[in-house]
Ligand SMILES: [Zn+2]
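Okay, here's the thing in structure tokens:
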């Protein structure tokens, strides 16, 4: 079973990928992790990738495809969750070709959906207690004092350096890039949209239903 996970920033994609991985013994192929690992493995391909990253350049389509191809042929799990790949239409077509060579295919494309406004609040509203580590969201949680931890009354600090502007750029670029990809998979009738507004268990239950339907 091979799944492509397409999701905007702050949609809880990482959590769902982890739950899917554990439930179905799938390999979680995240391109970020893949690039980090391969750049450390000392192989010819790894050295090439390391040099590109060190120079601050981007991994182009062809090289990314080569890296993924090498990886998917070696995976022994029940299937793969593709996360961050394919990112372009070209990559999606190439991925289908690669899988076909080993008599496999993409069975499901799960698209997590979330309103930009809510995603923005989820992302920039995250704060953590500097003392006990409790995590809150300033927009969604009922804080007795907006700058203090409910649990221990210590200072709350922002979880990431996301600004509204940076978040909007990331979100808009996701919408633009994912459009063609979703259209491509819709023609194959394998796209399922799941709202990620609910809590993680509810979202996961819906994803499980989709998978069990086959
Ligand atoms: Zn605290």
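Numbering (the numbering used here), first residue to last: 53 to 266. Note that beta-carbon positions come from the ideal geometry of N, C-alpha and C, so glycine has one too.
Item, Value
"In three-state terms, what does DSSP make of residue 200?", "strand"
"Quick check: the segment 220–236 against the segment 130–145, are there 3 or more CB pairs under 8 Å?", "yes"
"Would you call residue 59 buried or exposed, if buried means 16 or more other Cβ atoms sit within 10 Å of its Cβ?", "buried"
"DSSP three-state label for residue 148, please.", "helix"
"Within the structure, which residues are defined as neighbours of ligand 1 by a Cβ-heavy atom distance below 6 Å, reported in chain order?", "181, 183, 184, 186, 201, 203, 204 and 206"
"I need the straight-line Cα distance from residue 100 to residue 93, nearest angstrom please.", "11 Å"
"In terms of alpha-carbon separation, which member of 162, 121 and 134 lies closest to residue 153?", "121"
"Identify every residue that forms a DSSP beta bridge with residue 181.", "208"
"Could you tell me which residues DSSP puts in a beta bridge with residue 165?", "247"
"Considering only DSSP beta bridges, list what residue 134 is partnered with.", "56 and 81"
"Are the beta-carbon atoms of residue 177 and residue 186 separated by less than 7 Å?", "no"
"Count the other CB atoms, across all protein chains shown, that sit within 10 Å of the CB of residue 61; report buried if there are 16 or more and exposed otherwise.", "buried"
"Look up residue 264 in the DSSP assignment and say whether it is helix, strand or coil.", "helix"
"For residue 212, I'd like the list of residues in its chain whose CB is within less than 6 Å of its CB, leaving aside the five on either flank, ordered along the chain.", "none"
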